[in-house]
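Colleague: Sharing a structure below in structure tokens format, with a few things to ask.
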Amino acid sequence: MAEESKKKKVAFRSFAVSLAIAFSILVSVSLFIVGGVQAYLIFFSERQNVIDHQSHITEAAASQVKDFVKERITTLETATAFGNIIALDGSEQERILNRLLGIDSSFRQIIMTDKEGNVVLRASRLSKSLSAKVIVYNKNELLRETEKGSVYISPVYIDITTNEPLMVVGIPISDVFGDLEGTLIGEVNLKFTWNLVSSIKIGEGGFVFVVDRNGSLIASKDISRVLRGEKISGVQEIEKFVNNFELSADSAEVSRGIDGTYVMSTQIPLGNPDWAVIAELPLFEAYENVFYGLGFSALVILLAIAFSITVSVFLSKKITEPISRLREVTKKIREGNFDAKATIDENNEVGELAQDFNSMAERLRAYTQDLEKKVIERTGKLNIKIRELIESNRKLSETQKELKEEKEGVERKILERTKELREEQARLLASINSLSIGFILADLNNEIVLKNAAVSRILDISEEDVSLDKIAGFFEKTPDFMKMLGDCMKEKKVCEFKEVESKNKIFRIVFAPIAINETGEIIGYVLLLEDVTEPRTFERTRDEFFLIASHELRTPLTAIRGNAEIMEQFFMDKINEAEVVDMVEDIRKASVRLIAIVNDFLDVSRIEQHKIKLEISSVPINKEIKEAVKGLFTSAEMKGVKLIFSENESLGNVMGDEDRIEQVLVNIIGNAINYTHEGFVKVVLEKEGDFAKVSVIDTGVGIPHENQKYLFKKFQQAGTNILARDVTKGTGLGLYISRLLVEDMGGEIWLEESGEGKGSTFSFTLPLEKK
Amino acid sequence: MKKVFFIEDDPLIIRMYERILRLNKFEFMISTNGEDGLKTLREGKFFPDIILLDIMMPHMNGLQVIEELKKDEKLSDIPIVVLTNLSAGEESRQKALDLGAELFLIKSQCSPQKIAEVVGSIIKKHKK
Chain E
1065 MAEESKKKKV AFRSFAVSLA IAFSILVSVS LFIVGGVQAY LIFFSERQNV
1115 IDHQSHITEA AASQVKDFVK ERITTLETAT AFGNIIALDG SEQERILNRL
1165 LGIDSSFRQI IMTDKEGNVV LRASRLSKSL SAKVIVYNKN ELLRETEKGS
1215 VYISPVYIDI TTNEPLMVVG IPISDVFGDL EGTLIGEVNL KFTWNLVSSI
1265 KIGEGGFVFV VDRNGSLIAS KDISRVLRGE KISGVQEIEK FVNNFELSAD
1315 SAEVSRGIDG TYVMSTQIPL GNPDWAVIAE LPLFEAYENV FYGLGFSALV
1365 ILLAIAFSIT VSVFLSKKIT EPISRLREVT KKIREGNFDA KATIDENNEV
1415 GELAQDFNSM AERLRAYTQD LEKKVIERTG KLNIKIRELI ESNRKLSETQ
1465 KELKEEKEGV ERKILERTKE LREEQARLLA SINSLSIGFI LADLNNEIVL
1515 KNAAVSRILD ISEEDVSLDK IAGFFEKTPD FMKMLGDCMK EKKVCEFKEV
1565 ESKNKIFRIV FAPIAINETG EIIGYVLLLE DVTEPRTFER TRDEFFLIAS
1615 HELRTPLTAI RGNAEIMEQF FMDKINEAEV VDMVEDIRKA SVRLIAIVND
1665 FLDVSRIEQH KIKLEISSVP INKEIKEAVK GLFTSAEMKG VKLIFSENES
1715 LGNVMGDEDR IEQVLVNIIG NAINYTHEGF VKVVLEKEGD FAKVSVIDTG
1765 VGIPHENQKY LFKKFQQAGT NILARDVTKG TGLGLYISRL LVEDMGGEIW
1815 LEESGEGKGS TFSFTLPLEK K
Chain X
816 MKKVFFIEDD PLIIRMYERI LRLNKFEFMI STNGEDGLKT LREGKFFPDI
866 ILLDIMMPHM NGLQVIEELK KDEKLSDIPI VVLTNLSAGE ESRQKALDLG
916 AELFLIKSQC SPQKIAEVVG SIIKKHKK
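Protein chains in written order, with my numbering: chain E, 1065 to 1835; chain X, 816 to 943.
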């Protein structure tokens, strides 16, 4: 989807339209820039004109207001010009004051004070009782100013009855020395400035007004606002004045005016009195000329744009018209009309393009005609070929049919054989699967060809996981597992590992390479896995049991034997009965025999399991025999049998376990003594090759021929009949143990010769120490 | 008087060796297990000339007792004779000798008197 939307065709837009739009935009933008710059310049020059004009009017108004105040002061000064009027008599003074009221109608009252500021005389237009309260001035201010010789001008205040703004002007009265003698105070009614102010006009709707430092209106065109004693706030120019900002007449501000509309305002502070004259001109009026100028410019620009669009459209059409014609022709040629010609008689790039285009179209027509001819020829040939092809196709399908029949016959046979094979395989699989032993058939790449369920059960892994790698990994304690298999493969022999331990289990592993009969070539191998944990564990438990049982048996036997021996050795004199003495001896003998039997059992089991570690060292065999003979000498003598050892000191040492050699000697010589009732037992030591040979010859009862084969076997005394055992002769394990020991030490043991009544000769060999 | 310390758990065997040691005029003390034996020796209540030691005992076996004795500076010089009914040729025999036992005897193979004689001769040898 995303791909499609990307490829979405851009909507067709005529080149002419694009060009017209481009031209129009270009011209319009230029005009707008020019117009904008012009408007900007008009605005600034007009603005400056307005400001200049307005400042001029304001200044004029300011000087008129100032003059008004000055005139009042001058009037008062005329009265003091003649000297110290305080010194005149009362009627003279009254006359001067009344004359001042008469001269200037803006004076409401004239007051004369002494130099302490106390009222000396008052002349007023009002009734006497009223006027005394009305005049408001600061006596201290008045005295301070007049003492300096300056004029005192009070702040403006509103008369509570008439609501007219009033002001007090005080001048000093001095004597000839210039010392202050008193003051002359005039209360000036400021409504006389109103006409002054309201008569000043700026343009159509502009006006001026006067405020004092407190922001109170003193004079304005709207008298009612003055009469209300309105304090103006929220007008930027007044705020500036009230808050003592630096002011100048040159700057004009656009701000909200006294009427709440936007105006251009200028202001001039008067200084003395401390008032400001403010002029306001409605904004629209101030910028009237600017608006007219801008409007005119806009009109001109719009007309110019309209014109430029018209010209652009015409021009672009003129430029793209030949291209459009070329496009029409291309369209015709595309539709197959090769006769179409582009007729453009211009001598420029487009004209040349049209000519090239026409020659290209001509070539295309020639090529197309040629192609058509060839196509017709080829089609003819093709038709012949097709006919031939149909014929051969028919033949082919006949052959195919025959082949199909033949194939079906073969398939039937294959199916039959496959079925047989499958049955065969199923039988094989069934028998393999029924094995409790794990069976794996693998090829030379160690890929499993066949396996049974027992494998995964024995190894405790899932059926799918069974692989040779996994199995080798399983026997990780036998790291050479695969190498061992490789060796067996090389030697083409069956290998068996009886006990391979892994994961607390014991396994028997049999490995058999598979060879093709004819060539003997190895094609794979069979691996058998058997979990023998149970039988092996059983064997081990049995051995342990045997060991403990023997130990436990021997301990009480030791006590019986030991105590019997102690009795014999230390307490015989305390036993008076000969019978008891015999009994003690029997007890001791029985216990000794029992111990020997237990020892034999234990020895057999341990030697068989190779639990006995032989400590092989160099043993002086001659000396060894001598000691054994010495130990047995007493028992032989007691039986009246001669025990002879023909020494052979030159023979040197044999390699073996000293204790075990002694055990063998004691066993064989002891047997000989046991079975000999008269005559002798002779021990012979001689060299035979690399071995020392020890022979024990006796003149005893001999061994019947039929029993000789049981010698050196376990329980060799058993013979054919268990009841025929010679119970006085021990367990019958002695010779068996001797055989195992001698063989373990690298020697041999055998019966040299024997016959019933003729005595016996037993021999064994041990390897001589190599020098 | 020659002093013998005997560590053995089986009362039958204890009584038998007690008899033979008494008859041979040894001074002796008996512990019925390895831990007690070690404790008695370490506390110095009885300082023997020789120690007779069984192998197969509950909790702490004789081999462990030998190890502990040989670690102890005061006790390491006392000769130890192992008396057991385990067979010779077992790894225990070699181990006992490696650990520093003087002798390894099979109880059932030795008459009590022989053991008394062996003990006497070893003490004599060490006294020199």
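Think of the CB as a built atom: it goes at the ideal place given N, C-alpha and C, for glycine as much as any other residue.
Give a yes or no on contact between the region 868-887 of chain X and the region 1588-1607 of chain E, applying the rule of three or more CB pairs nearer than 8 Å.
Modeller: no
Colleague: Tell me the rounded alpha-carbon separation between F1826(E) and V1530(E).
Modeller: Taking C-alpha positions only, F1826(E) is separated from V1530(E) by approximately 58 Å.
Colleague: Residues of chain X with CB closer than 8 Å to the CB of H1615(E), please, in chain order.
Modeller: Going along chain X in sequence order, the residues near H1615(E) (Cβ under 8 Å) are M871, N900 and L901.
Colleague: With DSSP as the reference, label K940(X) as helix, strand or coil.
Modeller: Helix at K940(X).
Colleague: Helix, strand or coil for M1065(E), going by three-state DSSP, please let me know.
Modeller: Low local confidence applies: a pLDDT of 43 at M1065(E) is under 50, so the model's placement there is unreliable, with the coordinate-based value given in what follows. M1065(E): coil per DSSP, three-state reduction.
Colleague: Starting from the beta carbon of I1630(E), find every residue of chain X whose beta carbon is closer than 9 Å, and list them in chain order.
Modeller: M831, R834, I835, L838, S926, P927 and Q928
Colleague: Report yes or no: is there a C-beta of chain E within less than 8 Å of the C-beta of L920(X)?
Modeller: L920(X) does not count as touching chain E.
Colleague: Measuring only between beta-carbons, confirm whether A1654(E) sits less than 8 Å from chain X.
Modeller: no
Colleague: So which residues of chain E does D825(X) contact, with C-beta pairs closer than 7 Å?
Modeller: T1619
Colleague: Taking three-plus beta-carbon pairs below 8 Å as touching, is the region 1273-1281 of chain E in contact with the region 1289-1296 of chain E?
Modeller: yes
Colleague: Could you name the residues of chain E that I822(X) contacts, counting a contact when the two beta carbons are closer than 7 Å?
Modeller: In chain order: nothing, as chain E lies at least about 15 Å away.
Colleague: Does DSSP put A1788(E) in a helix, a strand or coil?
Modeller: Because A1788(E) sits at a pLDDT of 44, beneath the cut-off of 50, its placement in the model cannot be relied upon, and the point is left open.
Colleague: Mind checking which residues open and close the alpha helix (DSSP H) that includes L1620(E)?
Modeller: The sequence as given places Pro at residue 1620(E); Leu does not occur at that position. Unbroken alpha helix (DSSP H) run through P1620(E): T1597 to F1634.
Colleague: Give the secondary structure of L1505(E) by DSSP, where H, G and I count as helix, E and B as strand, and everything else as coil.
Modeller: Reduced to three states, the DSSP call for L1505(E) is strand.
Colleague: When DSSP labels each residue in this structure, what does I866(X) get in the three-state scheme?
Modeller: strand
Colleague: What number of angstroms, rounded off, separates the C-alpha of S1388(E) from the C-alpha of E1455(E)?
Modeller: 56 Å
Colleague: Run the CB neighbour count on I1522(E), radius 10 Å, all protein chains shown included, and call it buried at 16 or more, exposed below.
Modeller: buried
Colleague: Where does T899(X) sit, in a helix, a strand or coil, going by DSSP?
Modeller: T899(X) sits in a strand when the DSSP states are folded into three classes.
Colleague: Check the C-beta distance from V1730(E) over to L1696(E) and give it rounded, since I have them as a contact under 8 Å.
Modeller: Contact flag correct, Cβ pair sits at about 7 Å.
Colleague: So for G915(X), helix, strand or coil by DSSP?
Modeller: coil
Colleague: I1659(E) touches chain X at which residues, Cβ-Cβ below 8 Å?
Modeller: S923 and Q924
Colleague: Considering only the alpha carbon of each residue, which of T1225(E), G1502(E) and Q1673(E) lies closest to L1591(E)?
Modeller: G1502(E)
Colleague: Would you mind sorting R1670(E) into buried or exposed? The rule is 16 or more other CB atoms within 10 Å of its CB.
Modeller: A buried status is given to R1670(E), since no fewer than 16 other beta-carbon atoms sit within 10 Å of its beta-carbon.
Colleague: Could you tell me whether the region 849-862 of chain X touches the region 928-942 of chain X, where touching means 3 or more Cβ pairs closer than 8 Å?
Modeller: Verdict: no, contact absent.
Colleague: Mind checking Y1104(E): buried by the 16 CB within 10 Å criterion, or exposed?
Modeller: exposed
Colleague: Can you confirm whether Q1727(E), when its beta carbon is compared against all beta carbons of chain X, has any partner nearer than 8 Å?
Modeller: no
Colleague: Buried or exposed: where does F1378(E) fall if 16 or more other Cβ atoms within 10 Å of its Cβ makes it buried?
Modeller: exposed
Colleague: From Y1589(E) to G1537(E), what does the alpha carbon distance come to, in whole angstroms?
Modeller: 19 Å
Colleague: Count the other CB atoms, across all protein chains shown, that sit within 10 Å of the CB of V1439(E); report buried if there are 16 or more and exposed otherwise.
Modeller: exposed
Colleague: Under the three-state reduction of DSSP, which class applies to L1815(E): helix, strand or coil?
Modeller: DSSP places L1815(E) in strand when its eight states are reduced to three.
Colleague: Could you work out which residues of chain E lie near I828(X), taking near to mean beta carbons separated by less than 7 Å?
Modeller: Under the 7 Å cutoff, chain E gives T1619, T1622 and A1623.
Colleague: Under three-state DSSP, which class holds E1560(E)?
Modeller: strand
Colleague: Quick one: what's got a C-beta closer than 8 Å to V1414(E)'s C-beta in the same chain, skipping five residues either side?
Modeller: P1386, I1387, L1390 and I1408
Colleague: Helix, strand or coil: which one does DSSP assign to M1548(E)?
Modeller: helix
Colleague: Following the continuous alpha helix (DSSP H) through N1686(E), name the residue where it begins and the one where it ends.
Modeller: I1685 to K1703
Colleague: Which residues in the same chain as A1368(E) place their Cβ atom closer than 6 Å to its Cβ, once the five residues preceding and following it in sequence are excluded?
Modeller: L1095
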